[in-house]
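K.L.:
Okay, here's the structure, questions in a sec.
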Amino acid sequence: MVLLVSLLAVLVVPTWGDDADTLINFKNSFSNSDALSNWDKTIPPCIPGSNNTNWTGLRCLNGSVSGLRLENMSLTGVIDMNSLVHLSGIRSLSFKNNSFDGPIPDVKRIGALRTLYLSYNKFSGEISDDAFTGMNHLTKVHLARNQFTGKIPTSLASLDKLVELNLQGNQFEGDIPDFRKATQLNMVDFSNNQLLGPIPPSLRRFNASSFADNKGLCGRPLKACKSSKKKTILIIVIVAACLIALAAIVAISCNFSGRGSKASQFKSTEDTKALRKYDAGQKEAQKTFDYSGSGNPHKGENGKLIFVRDDRERFDLQDLLRASAEVLGSGSFGSTYKAVLLSGPAMVVKRFRHMNNVGREDFHDRMRKLGSLSHPNLLPLVAFYYRKEEKLLVYDFVPNGSLASNLHGNRAPGQPGLDWPTRLKIIKGVAKGLAYLYKEFPSLPLPHGHLKSSNVVLDKSFEPLLTDYTLVQVMNKEHAQAQMVAYKSPDFTQVDRTTRKTDVWSLGILILEMLTGKFPANYLKQGKGVNADLASWVNSVVREEWTGEVFDKDMKGTRNGEGEMLKLLKIGMCCCEWNAERRWELREAVKKIEELKERDNDNYEDNSSNYASEDNGYSSRALTEDDFSFSVTA
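Residue numbering for the sequence shown is -17 to -1, 1 to 617, as defined by mature numbering (1 follows the signal peptide of the UniProt record, and there is no 0).
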């Protein structure tokens, strides 16, 4: 009998049990693993017989684990390679944009690995020369933006199937080994290190940008190497220092002498300091087009505007230089300008200062993806310009300005604010645009990341267009967390993470801002512990006062629409729920928003505390405190 029970126990053990145990052991090596909360041994990691997964971050092939893609999850701790070796089918590992530190994991324990992504972490120390020995199937190695030191391991250069290698933004030193065995190599990036010596013949076919910011490198595609005695080098250094000093004096003189000029020209960074505090309510001031990039802008890494749309008139950087321009704003990311080209059309040029951690190829790929998007509620990217220090993004000019300026700007006496039908139209368009981004970027935790009223512009018919979307991935991480709206959410300020519901929280705050006419003060605050001030205020008003007091007094055209306004108010509060698990999914919010009308149903009585419809998901009764018992603070 005991033997029979033992045999039955063996028979009912799930076939996925070994992989599940291995992955749970691997997960336990992390200091924080909140993003992997659905890793559950009672559910198969991979759906049997398919390439689909039940667990976050897994890649599956025919029902078996083939890879891990644990990116942008704020993971820390240890990457336990001792556990992963038990996954016989694993071929890819990606831990990009987390907070792992210490030495590089012992990746050669998985000899069959094909792709390895460790970029944007805090790994440090030297990499042993044999770190990649025996990894004969490896095709892609990305170690960018860590703190590695020492020499580049020669075992990397011995990988004959290597296709991509990205080591930029570390502290590697010494010579670059010869990659003559890597005959399939088509992408390399050694920039921003401390490398020296001649570039090996096997790598001379790549662009100069692949080797930029390594003061000791020379040879094609960089300047030719020179052999000279120490005395000659000293003379050259002294002469160069004198020339730099002279150039600085000339530049300062020109700067002071040219301050009175109003011609359209490039100017130094100092000239833009006065623009850094921008009052959203002030009138647009005529200014010259400003591009404060160091050096000659015509000799950047690309040297030209890259167009990502085929349905726009072509122009070049020189056309922008000659254009009359005015400053639209100067915010935390950089300055925004309206440039009217000589050929007629007006364009908006946004200059970003905090994208220097992203490589040229990666940036180009992401911008081309943005250029491929097409939706009536997205402001399309037209072109971009790449320099390592800063980037330019070019868009069509939209005449009615931002939603923020229409809600909070100084209006002339007697000029009405946005009426209720217009506000409803705007929020419906915003919801549609956001839903499109969710569809196009199913794997991104923040499909927008910076949704706020100043990033919604209005065309001539007041149709909303979303801007500054999907830039989290190209912004420097520290700056993104200090400035972007997603990181003002309770998801990040309280539990130090973001999810796909974080954009829903931003949508909720935007809804409340439009209904109340109040600016979300929490957007102006920095650091941890910031509560959703606007949501807290709305919650307190609807609990303690007549609900109608919450609505913007400047919002006209509300007669017979109070019931629909109350429905939108509740939608906003459900989107602002502090607890992300209780917060609505975007699809639910979009569905409810789509059902809203400008006017209440015929059976609606003119009482702002009633709902009219019985089939809209809300109760058609007088509102009570329970209707607004949402948790909007910790």
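Glycine is no exception: its CB is placed at the ideal position from the N, C-alpha and C atoms.
#1: Could you say if the segment 56 to 70 and the segment 25 to 37 meet the contact criterion of at least three C-beta pairs nearer than 8 Å?
#2: Could you check what DSSP says for ASP2 in three-state terms: helix, strand or coil?
#3: Indicate whether ARG74 and ARG97 have their beta-carbon atoms separated by less than 9 Å.
#4: DSSP three-state label for PRO184, please.
#5: Using 8 Å for Cβ pairs, my map puts ASP479 next to SER20. What's the rounded Cβ distance?
#6: I'd like the span of the beta strand (DSSP E) that includes MET170, first residue to last.
#7: Does the count of Cβ pairs from the segment 420 to 434 and the segment 450 to 461 closer than 8 Å reach three?
#8: In three-state terms, what does DSSP make of ARG203?
#9: Do the segment 569 to 584 and the segment 406 to 417 make contact, defined as three or more Cβ pairs closer than 8 Å?
#10: Unbroken beta strand (DSSP E) runs of length 3 or more, entirely within the segment 122 to 153: which are they?
#11: Decide if THR5 is buried, meaning its Cβ has at least 16 other Cβ atoms within 10 Å, or exposed.
#12: Go ahead and label ASP537 buried or exposed: buried means 16 or more other beta carbons lie within 10 angstroms of its beta carbon, across all protein chains shown.
#13: For ASN285, which residues of its own chain have a beta-carbon under 6 Å away from its beta-carbon, when the five flanking residues on both sides are left out?
#14: Under the DSSP definition of a beta bridge, which residues are partnered with CYS29?
#15: Counting only the same chain and skipping the five closest in sequence on each side, list residues whose C-beta sits under 6 Å from that of THR541.
#16: Tell me which residue opens and which closes the beta strand (DSSP E) that PRO447 is part of.
#17: Would you check if the distance between the CB atom of residue 621 and the CB atom of ARG203 is smaller than 9 Å?
#18: Can you give me the Cβ contacts of GLY152 inside the same chain, cut-off strictly under 6 Å, excluding the 5 residues immediately before and after it?
#19: Tell me whether LEU325 is buried or exposed, calling it buried when 16 or more other Cβ atoms sit within 10 Å of its Cβ.
#20: To the nearest angstrom, report how far apart LEU44 and ASN34 are at their CA atoms.
#21: Would you kindly check if the distance between the Cβ of LEU362 and the Cβ of LEU448 is under 9 Å?
#22: Taking PHE173 as the reference, which of THR476, LEU150, PHE189 and ARG187 has the closest Cα?
#23: Candidates LEU168, ASN522, VAL533 and PHE131: which alpha carbon is nearest LYS144's?
#24: Nearer than 8 Å: is that true of the beta carbon of MET118 relative to any heavy atom of the ligand ZN?
#25: Measure the alpha-carbon distance for TRP38 versus LYS10 and round it to whole angstroms.
#26: Spatial neighbours of ASP1 within its chain, please: C-beta separation below 8 Å, excluding the five flanking residues on both sides.
#27: Between THR450 and VAL439, is the Cβ-Cβ spacing less than 9 Å?
#28: Name the DSSP beta bridge partners of PHE155, please?
#29: Counting only the same chain and skipping the five closest in sequence on each side, list residues whose C-beta sits under 7 Å from that of LYS105.
#30: I want to know whether the segment 291 to 301 touches the segment 349 to 358 - three or more CB-CB distances under 8 Å.
#31: Excluding five sequence neighbours on each side, which residues of the same chain lie with their C-beta closer than 8 Å to the C-beta of ASP442?
#32: Which whole-angstrom value is the C-beta distance of SER436 and ALA387, which I expect to be below 8 Å?
#33: Give me, in chain order, the residues of the same chain whose beta-carbon lies closer than 7 Å to that of PRO31; leave out the 5 immediate sequence neighbours on both sides.
#34: What residue range is occupied by the uninterrupted alpha helix (DSSP H) comprising CYS559?
#35: Output the distance between the C-alpha atoms of ALA465 and SER192, rounded to the nearest integer angstrom.
#36: With which residues is MET330 paired in a DSSP beta bridge?
P.N.:
Quick answer:
#1: Counting Cβ pairs under 8 Å, fewer than three are found: no touch.
#2: Helix, per DSSP.
#3: Yes, the Cβ-Cβ distance between ARG74 and ARG97 is below 9 Å.
#4: The DSSP-derived three-state label of PRO184 is helix.
#5: No, ASP479 and SER20 are not in contact; Cβ-Cβ is about 14 Å, not under 8 Å.
#6: Counting along the chain, MET170 sits inside the beta strand (DSSP E) bounded by residues 170 to 172.
#7: Touching, per the Cβ criterion.
#8: Reduced to three states, the DSSP call for ARG203 is coil.
#9: The segment 569 to 584, when compared against the segment 406 to 417, does touch it at the 8 Å Cβ threshold.
#10: The qualifying runs are 123 to 125, 130 to 133 and 147 to 149.
#11: With 16 or more Cβ atoms within 10 Å of its Cβ, THR5 is classed as buried.
#12: By the neighbour-count rule (16 or more Cβ atoms within 10 Å), ASP537 is not buried but exposed.
#13: Unreliable placement is indicated for ASN285, whose pLDDT of 45 sits below 50; no coordinate value is reported for it.
#14: Looking at the DSSP output, CYS29 sits in a beta bridge with THR36.
#15: Setting aside the 5 residues that flank it on each side, THR541 is surrounded in the same chain by TRP403, each with a C-beta closer than 6 Å to its C-beta; the list follows chain order.
#16: Element bounds for PRO447: 447 to 449.
#17: In this structure the chain extends from -17 to 617, so residue 621 is not present and cannot be described.
#18: ALA127, ARG128 and ASN175, listed in sequence order.
#19: Classification of LEU325: exposed, given that the 10 Å Cβ count is below 16.
#20: Each residue's alpha carbon lies about 5 Å from the other.
#21: Yes; because the gap between Cβ atoms is below 9 Å, this pair is in contact.
#22: When C-alpha distances from PHE173 are compared across THR476, LEU150, PHE189 and ARG187, the shortest belongs to LEU150.
#23: When C-alpha distances from LYS144 are compared across LEU168, ASN522, VAL533 and PHE131, the shortest belongs to LEU168.
#24: This structure lacks the ligand ZN; in fact it carries no ligand of any kind.
#25: C-alpha separation (whole angstroms): 12 Å.
#26: Contacts found: HIS69.
#27: Taking the C-beta atoms as reference points, VAL439 is found nearer than 9 Å to THR450.
#28: GLY133.
#29: Answer for LYS105: SER82, PHE83, ASP84, ASN129 and GLN130, listed in chain order.
#30: The answer is yes - the segment 349 to 358 touches the segment 291 to 301, with three or more Cβ pairs under 8 Å.
#31: Excluding residues up to 5 positions away in sequence, VAL381, PRO382, ASN383 and LEU448 lie with their Cβ nearer than 8 Å to the Cβ of ASP442 in the same chain.
#32: Confirmed, about 4 Å.
#33: Within the same chain, PRO31 has close Cβ partners GLY46.
#34: Counting along the chain, CYS559 falls outside any alpha helix (DSSP H), and DSSP gives it neither H nor E.
#35: Approximately 29 Å between the Cα atoms of the pair.
#36: Partner(s): ALA322 and ASP379.
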